[in-house]
Amino acid sequence: MIVDTEILLRKIDEMCAGIGMDTSGTNVVWSLPIVGVRARVSRYQSLLLNVVGLAELTATEADAVIAEVIDKYRAAGKIFGWLVGPTSRPADLGERLLAAGLVRVDDESMLGMVLYDLNRQISINPRIHVQEVSLIEWKRKASMIAQSYGFGMTPEVAQSMVDFYESLGQRAHAYFAYDSQQMNPIAFAGMVYDDSGSVVLLGGAATAQQYRGQGIYASMVAQRLSDARRAGAQVAIVQAVKGTSAPICARLGFEAVCEINVYGYLSSKEP
């Protein structure tokens with residue numbers, strides 16, 4: 001089956017930070033009802049958990065909805081991130097967000113990338129062992145996950161990320177990478193299937209600072225692709241941070257098809 005490019009772009013948007021996924025089964029994040037966007041809020045001050053995206057707004061209504069979003073997060077006392085991806089509307093949404101007081105968070109901006117050949121051979125580090133683990137194991141290592149990921153992630157936010165994965169049921173999978181000379185995990189990675197099982201998202205992944213540059217990220221990609229291929233997936237997508245994982249994914253054969261820019265509202269106080 002060949003997945004249409006427009007469908008893939010929508011899936012890249014919907015699966016970024018899980019903004020288009022059903023969160024009703026978790027007590028980690030809650031939907032904010034705002035017409036024209038998807039929005040959610042958590043109990044943490046986190047651009048990763050308090051997120052807006054999938055905007056489908058007209059040029060005439062966009063500014064009013066942006067103001068409504070800001071008002072609701074201020075009322076909740078939360079900072080938030082706004083994802084502007086390939087299907088976000090209107091086309092000048094990013095400029096409107098800047099005018100409303102948000103800032104572009106370049107360190108977290110991403111490329112939406114696609115790999116059509118899940119049989120692609122990827123060189124791995126033979127010293128690294130990658131295996132699927134339970135989400136309970138992920139939660140136990142929340143401090144390692146937070147420290148490896150960076151971008152202000154705390155162990156509490158990492159645990160909430162695990163709770164979110166748990167809410168997705170059997171669609172979500174967790175991995176650790178181990179060095180042959182190290183008992184504890186040195187990297188983590190996630191994987192989530194779409195509803196059809198034909199498209200797989202290689203989700204959040206990071207390696208402990210002291211182990212970077214040793215092919216560990218590539219080894220985790222290879223293992224997840226192998227597992228996804230056996231499960232029947234046909235296309236892999238990734239939202240890769242431009243300054244870190246995107247160049248690696250490009251070398252591994254992923255093709256950039258869009259950008260996802262992140263805008264942050266960093267004041268949680270009432271006006």
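UniProt numbering numbers the first residue of the sequence shown as 1 and each following residue consecutively. All C-beta atoms, glycine included, are put in the ideal place defined by N, C-alpha and C.
When rounded, the separation of the alpha-carbon atoms in V133 and P185 is 11 Å. With a cutoff of 8 Å on beta-carbon distance, C16 and G85 are scored as near each other. The residue from V105, S167, F176, V130 with its alpha-carbon nearest to that of R140 is F176.
Here the C-alpha atom of L49 lies approximately 10 Å from the C-alpha atom of A158. Under a 10 Å Cβ-count criterion, G53 is classified as buried, with 16 or more other Cβ atoms of the shown protein chains found around its own Cβ.
Between I136 and the set S226, M161, S123, the nearest pair of CA atoms involves M161. In this structure E14 is buried. Its beta-carbon is surrounded by 16 or more other beta-carbon atoms within 10 angstroms. For the set Y265, V257, N125, R120, the Cα lying nearest the Cα of M110 is the one of V257. Within the model, the alpha-carbon separation for S198 versus E156 is close to 32 Å.
DSSP, read as helix, strand or coil, puts S160 in helix. The residue from Q182, A208, A231 with its alpha-carbon nearest to that of D194 is A231. Per DSSP, the beta bridge partners of W30 are V41. Secondary structure of I128 (DSSP, three-state): strand.
Counting only residues of its own chain and dropping the five nearest sequence neighbours on each side, Q223 has a CB closer than 7 Å to the CB of V130, Y175.
In the DSSP assignment, T5 falls within the alpha helix (DSSP H) that extends over 5–15. Looking at Y211, M191, L93, the one whose alpha-carbon comes closest to that of A59 is L93.
Here the alpha carbons of V41 and V262 stand approximately 16 Å from one another. In the structure shown, L225 falls within a helical segment according to DSSP collapsed to helix, strand and coil. Contact between T87 and R38 is ruled out by a C-beta separation of about 11 Å, above the 8 Å threshold. Under a 10 Å Cβ-count criterion, L252 is classified as buried, with 16 or more other Cβ atoms of the shown protein chains found around its own Cβ. Measuring C-alpha to C-alpha distances from R43 to each of E68, V28, A246 identifies V28 as the nearest. Setting aside the 5 residues that flank it on each side, I128 is surrounded in the same chain by A177, I216, S219, each with a C-beta closer than 6 Å to its C-beta; the list follows chain order. For E259, the enclosing beta strand (DSSP E) starts and ends at 255–265.
Residue pairing by DSSP places D179 opposite I128 in a beta bridge. By the CB criterion at 8 Å, A236 and L202 fall inside the cutoff. Assigned with DSSP and collapsed to three states, I66 falls in helix. Considered as a whole, the region 130–155 harbours 135–140, 142–149 as its complete alpha helix (DSSP H) runs of no fewer than 4 residues, in chain order. The shortest CA-to-CA distance from W138 to any of R89, W82, A206 is the one to A206.
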